[in-house]
Amino acid sequence: MKNSRWLSLSVGASLVAFTAGACYQRTVPAPNGLEQSALAQTRTTQTPIRNADDLAQLSSTYAQIARKVTPAVVNIQAVKVQPGRTFADPFGGMFGGEGEFGGRMLREPDRRSQSIGSGVIIDKSGLIITNNHVAGGATQLTVTLSDRRRFPAKLLGTDPAS
Numbered sequence: 001m002k003n004s005r006w007l008s009l010s011v012g013a014s015l016v017a018f019t020a021g022a023c024y025q026r027t028v029p030a031p032n033g034l035e036q037s038a039l040a041q042t043r044t045t046q047t048p049i050r051n052a053d054d055l056a057q058l059s060s061t062y063a064q065i066a067r068k069v070t071p072a073v074v075n076i077q078a079v080k081v082q083p084g085r086t087f088a089d090p091f092g093g094m095f096g097g098e099g100e101f102g103g104r105m106l107r108e109p110d111r112r113s114q115s116i117g118s119g120v121i122i123d124k125s126g127l128i129i130t131n132n133h134v135a136g137g138a139t140q141l142t143v144t145l146s147d148r149r150r151f152p153a154k155l156l157g158t159d160p161a162s
């Protein structure tokens with residue numbers, strides 16, 4: 001009996017709250033004097049579609065520029081040699097020897113890594129600029145031109161901030 005009475009009261013209260021909310025929403029004025037229907041409308045803008053002639057001309061212009069600058073863009077292959085780590089032989093101390101722990105010192109072999117990147121020829125003498133992460137620390141550089149000719153290169157300077 002108590003449950004059905006409680007259920008009736010909660011359903012009635014919910015109905016009253018819903019009705020009051022619906023009435024309140026209809027009486028609240030829209031901001032800046034706009035009608036509710038005006039607020040509900042969305043604005044859509046369309047960008048003008050370029051005609052096929054404009055797009056063809058743009059594509060042609062882009063192709064001409066690419067043909068002119070492509071010879072200046074180069075591929076750079078860099079070889080970097082990282083020296084192996086030196087560490088004490090953990091078992092050498094048991095049998096005599098030298099080193100931090102009494103054992104002999106061991107050295108890992110050098111590690112050789114290869115990477116590739118791009119650069120740009122900036123003058124007729126063949127000076128090329130690229131980012132530091134491409135050529136910085138390289139022990140060997142090879143430049144490949146757009147016509148597939150390959151040349152050894154020498155690192156003249158670096159800028160670690162680039």
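Residues 1 to 162 (the numbering used here) make up the sequence shown, in order.
Glycine included, each C-beta is placed from N, C-alpha and C at the ideal position.
Item to complete: Pull up the distance between the alpha-carbon of I129 and that of I122, whole angstroms please.
Response: So the alpha carbons of these two residues sit roughly 7 Å apart.
Practice prompt. Classify T142 as helix, strand or coil using the three-state DSSP reduction.
Written response: Residue state for T142 is assigned as strand, using DSSP reduced to three classes.
Fill in: Buried/exposed call for V69, threshold 16 Cβ in 10 Å
With fewer than 16 other CB atoms across the displayed protein chains lying within 10 angstroms of its CB, V69 is exposed.
Worksheet item: Using DSSP with H/G/I as helix, E/B as strand and the rest coil, what is S125?
Response: Coil.
Discussion item. Cutting at 6 Å between CB atoms, please list the residues of its own chain near Q82, excluding the five before and the five after it.
Written reply: Excluding sequence neighbours, Q82 sits near R111.
Discussion item. Using only the alpha-carbon positions, how far apart do V134 and N51 sit?
Written reply: Taking the straight line joining both Cα atoms gives about 42 Å.
Worksheet item: Straight-line CA distance for D54 to R67?
Response: Our two residues, D54 and R67, have alpha carbons roughly 20 Å apart in a direct line.
Worksheet item: If R107 sits next to T139, beta carbons under 8 Å apart, how far is it from one beta carbon to the other, in whole angstroms?
Response: 18 Å between Cβ atoms; not a contact.
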